[in-house]
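Scroll down for the structure; my scribbles are underneath it.
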Amino acid sequence: MEEQFYLLWPLAVLLAAAVAVRRRIGVRRAVLVPFLVVAAASFTVGAALTASGSPAAYFVTPTRMWELAAGGLLAVLLADRQPPATIAAPLQVVGIALIATAAIGFTARTPMPGTAALLPVAGAVAVIAGGEVRGLRRIWALPPVRAVGAISYSLYLWHWPVIVFTRVLLERPLDVPTGGAVVVLSLLLATGSYLLVEGPLRRIPIRRAGRVVVVGVAASLLVAGGCALPILRSAAADADELGARAAVLQRQGPAIGWPQLTPVRTGRGPGRSTSSSRTRAPSRTTWRSAAAPSTRCPPPPRSASPATPAAGRRSRWSAIRTSVSGRRPSPASAGSGTGAS
Numbered sequence: 014m015e016e017q018f019y020l021l022w023p024l025a026v027l028l029a030a031a032v033a034v035r036r037r038i039g040v041r042r043a044v045l046v047p048f049l050v051v052a053a054a055s056f057t058v059g060a061a062l063t064a065s066g067s068p069a070a071y072f073v074t075p076t077r078m079w080e081l082a083a084g085g086l087l088a089v090l091l092a093d094r095q096p097p098a099t100i101a102a103p104l105q106v107v108g109i110a111l112i113a114t115a116a117i118g119f120t121a122r123t124p125m126p127g128t129a130a131l132l133p134v135a136g137a138v139a140v141i142a143g144g145e146v147r148g149l150r151r152i153w154a155l156p157p158v159r160a161v162g163a164i165s166y167s168l169y170l171w172h173w174p175v176i177v178f179t180r181v182l183l184e185r186p187l188d189v190p191t192g193g194a195v196v197v198l199s200l201l202l203a204t205g206s207y208l209l210v211e212g213p214l215r216r217i218p219i220r221r222a223g224r225v226v227v228v229g230v231a232a233s234l235l236v237a238g239g240c241a242l243p244i245l246r247s248a249a250a251d252a253d254e255l256g257a258r259a260a261v262l263q264r265q266g267p268a269i270g271w272p273q274l275t276p277v278r279t280g281r282g283p284g285r286s287t288s289s290s291r292t293r294a295p296s297r298t299t300w301r302s303a304a305a306p307s308t309r310c311p312p313p314p315r316s317a318s319p320a321t322p323a324a325g326r327r328s329r330w331s332a333i334r335t336s337v338s339g340r341r342p343s344p345a346s347a348g349s350g351t352g353a354s
């Protein structure tokens, strides 16, 4: 998210400054405009998506840009000024309290980033705005605090993959011991990447900027392609699975479920009235599935009236078997019911 923001933000600031110079207005006032517009629009979209429950509110860049725009606003406002000492110390204390409240009070049920994100963002803005406070400066100068600050960007890059892969491997939510192990592993990986990758790259002298840009673009495209391969393979696998399911259903016919049966009038019974008679024979009713109207069970064959009650029961059982199997019984089984045992 930060990289996408940093690609677009310098262009917006330079454009606002160029417009300010051409129209002879204050550059600071002009630069504040894109910050305010982006912050307001991004916060509105993020709050709306968070309220709707969409995961995009947390992961996509437009819904989180207001958090970075808050830092941009602070940088423009405090470019050549600092708050008075009487305000700086309370401001930092309030900021620390806001951050601690968010870290301790927020749970998995807290909707983020929505309006709840105002609490930690406002705390961070207050701490930065406080600047150099004599009493708190000793805390920020402690070696552990400085070390975490040095590896903060590497830690930001490492912590989320470690959390995700740990949950996938364990197949359960993280408890306190596992969460502690995740924190330790993230710190170790961040320290290693800071010492072996980030630090050496900063010390490399840039003699030919064009080659650096080409190499950077090529590396970015390579990483993007590598990340896109699993997504494309997953999409192809989903398409193949849907095709296989459709082929199976097409061969086997409609799936067996609990269809909603509705009575459909299919015609008159066998005893049709003549033109001279005005009495109509009752129509025959067939139960047809509303989900599959083209699939209709054949009606049971009509047989002669049974001579005895036992023969009648066998005849009805034979008719039920015929309606289930779809085959017509032989005259012997229909009349005597010998195959109904």
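Just so you know, our numbering puts 116 at position 103 of the sequence shown, and the rest follows in order with no gaps.
All C-beta atoms, glycine included, are put in the ideal place defined by N, C-alpha and C.
- If the five residues before and after A163 are omitted, its C-beta is found closer than 7 Å to the C-beta atoms of Y207, all from its own chain and listed in chain order.
- The residues S55, V58, in chain order, have a CB closer than 7 Å to that of P75 in the same chain once the five nearest residues on each side in sequence are set aside.
- Between the C-alpha atoms of I141 and T120 there is a straight-line separation of about 25 Å.
- P47 sits away from L62, with the two beta carbons spaced by 9 Å or more.
- Taking all protein chains in view, the Cβ of Q105 is crowded by 16 or more other Cβ atoms within 10 Å, so the residue is classified as buried.
- By the Cβ rule, the stretch 172-183 does not count as touching the stretch 143-160, because fewer than three pairs are nearer than 8 Å.
- S167 sits away from V107, with the two beta carbons spaced by 9 Å or more.
- Distances from the CA of A70 to each of P124, G193, L214 were compared; the closest alpha carbon is that of P124.
- In its own chain, leaving out the 5 sequence neighbours on each side, no residue places its CB closer than 8 Å to the CB of R35.
- Shown here, G118 sits in a helix according to DSSP, grouped into three states.
- Following the DSSP letters along the chain, one finds V73 in no alpha helix (DSSP H), marked with neither H nor E.
- L21 is positioned such that its CB atom lies no closer than 9 Å to that of A52.
- Rounded to the nearest angstrom, the gap between the Cα atoms of G136 and R147 is 19 Å.
- Here V89 is near V44, since their CB atoms are less than 9 Å apart.
- Residue P23 holds the alpha-carbon nearest to the alpha-carbon of A82 among R122, T99, P23.
- In the structure shown, A92 adopts coil according to DSSP, grouped into three states.
- Residues of the same chain with a CB within less than 6 Å of the CB of A129, apart from the 5 flanking positions on each side, are T123 in chain order.
- Look at D188 here: in three-state DSSP terms it is coil, with no helix or strand label.
- DSSP places M125 outside both helix and strand once states are collapsed to three, so it counts as coil.
- W79 and V134 have their C-alpha atoms some 10 Å from each other.
- Annotated three-state conformation of L234 is helix, per DSSP.
- With a minimum length of 4 residues, the unbroken runs of alpha helix (DSSP H) contained wholly in the stretch 130-205 fall at 131-143, 147-153, 156-163, 165-183.
- The continuous stretches of alpha helix (DSSP H) do not include V210, and DSSP gives it neither H nor E.
- In the three-state reduction of the DSSP assignment, P103 falls in the helix class, which pools H, G and I.
- Taking a contact as a CB-CB distance under 8 Å, the pair G127 and A64 counts as one, their CB atoms being some 7 Å apart.
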